[in-house]
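Undergrad: I'd like to ask some things about the structure below.
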Amino acid sequence: MAKGMILAAGQGTRVRPLTKDLPKPMIPILDKPVMEYLVERLAAHGVRQIMVNVAWNHHKIEQYFRDGRRWGVEIGYSFEGVYEHGDILPRPLGSAGGMKRIQDMSGFFDETTIVLCGDALVDLDIGAALAEHRAKGALASVVTLPVPREQVGNYGIVVADEDGRVRSFQEKPRPEEARSQLASTGIYIFEPAVLDLVPSGQVFDIGSQLFPLLVERGLPFYAQSRPFHWIDIGRVSDYWSVLQRVLSGELADMHMPGSEVRPGVWVGLNTRIDFDRVQISGPVYIGSSVRLEPGCSIVGPAWIGHGSHLSAGSRVERSVLFEYTRIGAGMLFQDMIVSPSYCVDRHGRATYVGDDRCPLRWGDARG
1 MAKGMILAAG
11 QGTRVRPLTK
21 DLPKPMIPIL
31 DKPVMEYLVE
41 RLAAHGVRQI
51 MVNVAWNHHK
61 IEQYFRDGRR
71 WGVEIGYSFE
81 GVYEHGDILP
91 RPLGSAGGMK
101 RIQDMSGFFD
111 ETTIVLCGDA
121 LVDLDIGAAL
131 AEHRAKGALA
141 SVVTLPVPRE
151 QVGNYGIVVA
161 DEDGRVRSFQ
171 EKPRPEEARS
181 QLASTGIYIF
191 EPAVLDLVPS
201 GQVFDIGSQL
211 FPLLVERGLP
221 FYAQSRPFHW
231 IDIGRVSDYW
241 SVLQRVLSGE
251 LADMHMPGSE
261 VRPGVWVGLN
271 TRIDFDRVQI
281 SGPVYIGSSV
291 RLEPGCSIVG
301 PAWIGHGSHL
311 SAGSRVERSV
321 LFEYTRIGAG
331 MLFQDMIVSP
341 SYCVDRHGRA
351 TYVGDDRCPL
361 RWGDARG
């Protein structure tokens, strides 16, 4: 049907500390990297060859996905960086610049290509999007979704006419200045000729540079607006919201792992729960080898990563514990993302283990 491109070279600074040692596409959702859901969706729609541009912590993406055969696809990687004075330094080329580098190398983009950002969950009907793109004779298409006017400042806004032809863009406009409420979802469809417009060896962005160039030259460039779920993980607060929506079952294609031992309570292997001595209100997933001491309680939506330990009298509400996280006795964690070394509240405020100003006590369950 088409080829695929996943943009995965960004540093993910806005979601730190989640990306301190992890590339953004590897952030876990239901114990799977965000990017894995994208690979699965491309594979389900017949896209069999996928290129991924990588930079920061690139080896973690490459070691997990390897050649892609586990998903019935071929995956290739294009590293963007340099080797200087004994160090490997990431040097991303921008979303369009990274694609141009691949094209200059091998001419990979020799047919219609669907481009996805590696840090969002989507359930787009890719087949329908490709069909519309071809029916309109488009050189390029951008998939959009309407957003509330008060939120337009968070997105690139697409201005299109009644036929869907793109006329202009506004990058994160103020609500009173927005000429549209159609937000770019970071999902694009390109014909090979689009990359002829991108200069070689330069940092070049799709949204801020390539798209205005397409409009300026009057090329057939269209916006698509179709109903689908698009959950962008732009900030830590977005990640918390994503997990709450997923755990609540909002996305039909995403299923809780483990076995459902009671309504709304799923558990992994090697986990024993004495329901007479703990309180659990779902939806809750409890990973393998988790220890729950008497008197602790969990209020969902919540995810307790494998190897974690909730001490006596502790309470976890609407939170996510990464693997091997220990919650101290009598501690209350509400609306948080917690790892063995840091915790982040739903607004993105981070606190690290050992900070005496924080009344919460937690740590590494392996310690």
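Quick note on the UniProt record's numbering: the sequence shown kicks off at 1 and runs consecutively.
For glycine and all other residues, C-beta sits at the position ideal for the given N, C-alpha and C.
Values in this document were obtained by computation on a predicted structure and should not be read as measured data.
So the candidates are His59, Gln49 and Ile29; which of them puts its Cα closest to the Cα of Ala8?
TA: It is His59 whose Cα lies nearest to the Cα of Ala8.
Undergrad: Of all the options Val203, Gly307, Ile286 and Asp356, which has the alpha carbon lying nearest to the alpha carbon of Ser95?
TA: It is Val203 whose Cα lies nearest to the Cα of Ser95.
Undergrad: Could you check if Phe275 is buried or exposed, using at least 16 other CB atoms within 10 Å of its CB as the buried criterion?
TA: With fewer than 16 Cβ atoms within 10 Å of its Cβ, Phe275 is classed as exposed.
Undergrad: Considering just the uninterrupted stretch of the alpha helix (DSSP H) at Lys60, what are its terminal residues?
TA: Its alpha helix (DSSP H) spans residues His58 to Phe65.
Undergrad: Just the C-alpha distance for Cys117 and Pro294, rounded to the nearest angstrom, thanks.
TA: Distance between the alpha carbons of Cys117 and Pro294 is about 44 angstroms.
Undergrad: As a quick exercise: from His306, Ile327 and Asn270, pick the residue whose alpha carbon is nearest that of residue 375.
TA: Residue coverage of the chain in this structure runs from 1 to 367, which leaves residue 375 outside it and unanswerable.
Undergrad: Using only alpha-carbon positions, find the residue among Gln170, Ile231 and Ile304 that is nearest to Gln209.
TA: Of the listed residues, the one whose Cα sits closest to Gln209 is Gln170.
Undergrad: Only counting the same chain, and skipping five residues up and downstream in sequence, which positions put a Cβ closer than 8 angstroms to that of Ser200?
TA: Hits under 8 angstroms: Lys100, Arg101 and Asp104.
Undergrad: Tell me which residues share the same chain as Val261 and place their Cβ nearer than 8 angstroms to its Cβ, disregarding the 5 neighbours each side in the sequence.
TA: Excluding positions up to five away in sequence, the list reads Val267 and Ile273.
Undergrad: With DSSP as the reference, please indicate the residues paired to Pro146 in a beta bridge.
TA: BP columns for Pro146 point to Leu182.
Undergrad: With a threshold of 7 angstroms on Cβ separation, who are the neighbours of Ser168 within its own chain once the five nearest residues in sequence on each side are excluded?
TA: Val159 and Val215, listed in sequence order.
Undergrad: Spatial neighbours of Asp345 within its chain, please: C-beta separation below 7 angstroms, excluding the five flanking residues on both sides.
TA: Around Asp345: Asp335 and Met336.
Undergrad: Taking 8 angstroms as the cut-off, does the region 225-238 touch the region 111-131 (at least 3 CB pairs, one atom from each stretch)?
TA: Touching, per the Cβ criterion.
Undergrad: Helix, strand or coil for Asn53 per DSSP?
TA: Asn53: strand per DSSP, three-state reduction.
Undergrad: Run the CB neighbour count on Gly249, radius 10 Å, all protein chains shown included, and call it buried at 16 or more, exposed below.
TA: The residue is exposed, with fewer than 16 neighbouring Cβ atoms inside 10 Å.
Undergrad: With the cut-off set at 9 angstroms, would you say Ala183 and Tyr155 are in Cβ contact?
TA: A contact, by the Cβ cut-off of 9 angstroms.
Undergrad: Out of Ala193, Gln181 and Gly46, state which residue places its alpha-carbon closest to the alpha-carbon of Phe109.
TA: Looking at the Cα atoms, Ala193 is the closest of the given residues.
Undergrad: Can you tell me whether DSSP reads Lys3 as helix, strand or coil?
TA: Note: Lys3 maps to strand in three-state DSSP.
Undergrad: Mind listing, in chain order, the continuous alpha helix (DSSP H) runs of no fewer than 4 residues lying wholly within the region 217-258?
TA: Runs found: 236-247.
Undergrad: Quick one: using the 10 Å Cβ neighbour count with 16 as the cut-off for buried, is Glu36 buried or exposed?
TA: Glu36 is buried by the Cβ-count criterion.
Undergrad: Considering just the uninterrupted stretch of the beta strand (DSSP E) at Ser168, what are its terminal residues?
TA: Note, Ser168: beta strand (DSSP E), Val166 to Glu171.
Undergrad: Looking only at C-alpha atoms, which of Gly264, Glu62 and Tyr77 sits nearest to Gln49?
TA: The candidate whose alpha carbon is nearest that of Gln49 is Tyr77.
Undergrad: Give every residue of the same chain whose Cβ lies closer than 6 angstroms to the Cβ of Pro92, excluding the five residues on either side of it in the sequence, and list them in chain order.
TA: Ala9, Ala55 and Glu80, listed in sequence order.
Undergrad: Please confirm whether Arg179 and Leu197 have their CB atoms less than 9 angstroms apart.
TA: Against a cut-off of 9 angstroms, the Cβ pair of Leu197 and Arg179 comes out as no contact.
Undergrad: May I ask which residues mark the beginning and end of the alpha helix (DSSP H) holding Ile102?
TA: Ile102 -> alpha helix (DSSP H) spans Ser95 to Ser106.
Undergrad: Just to confirm the assignment, what range does the alpha helix (DSSP H) spanning Tyr37 have?
TA: From DSSP, the alpha helix (DSSP H) with Tyr37 extends over Val34 to Ala44.
Undergrad: Let me check understanding here. Comparing Cα to Cα, which of Ser288, His306 and Ile126 lies closest to Gly4?
TA: With distances taken between Cα atoms, Gly4 lies closest to Ile126.
Undergrad: How big is the Cα-Cα spacing for Ser341 and Pro283?
TA: Cα to Cα, the separation comes out at about 25 angstroms.
Undergrad: So what does DSSP say about Arg134, is it helix, strand or coil?
TA: Looking at Arg134 - three-state DSSP - the assignment turns out to be helix.
Undergrad: In three-state DSSP terms, what is Glu111?
TA: Of the three classes helix, strand and coil, the one that applies to Glu111 here is coil, per DSSP.
Undergrad: Please look up how many angstroms separate the CB atoms of Glu191 and Thr112, rounded, as I've assumed it's under 8 angstroms.
TA: About 6 angstroms; that satisfies the 8 angstroms criterion.
Undergrad: What number of angstroms, rounded off, separates the C-alpha of Arg174 from the C-alpha of Val147?
TA: One C-alpha to the other measures close to 13 angstroms.
Undergrad: Considering only the alpha carbon of each residue, which of Pro220, Arg149 and Gly98 lies closest to Asp161?
TA: With distances taken between Cα atoms, Asp161 lies closest to Pro220.
Undergrad: Based on Cα-Cα distance, which residue from Leu195, Gly367, Pro263 and Val320 lies nearest to Val242?
TA: Checking every option, the nearest Cα to that of Val242 belongs to Val320.
Undergrad: Could you say which of Val278, Val73 and Ile233 lies nearest to Ile27 if we only look at CA atoms?
TA: Of Val278, Val73 and Ile233, the residue nearest in Cα terms is Ile233.
Undergrad: Which residue wins for smallest C-alpha separation from Lys136, given the options Glu150, Ile189, Gly107 and Val115?
TA: The candidate whose alpha carbon is nearest that of Lys136 is Ile189.
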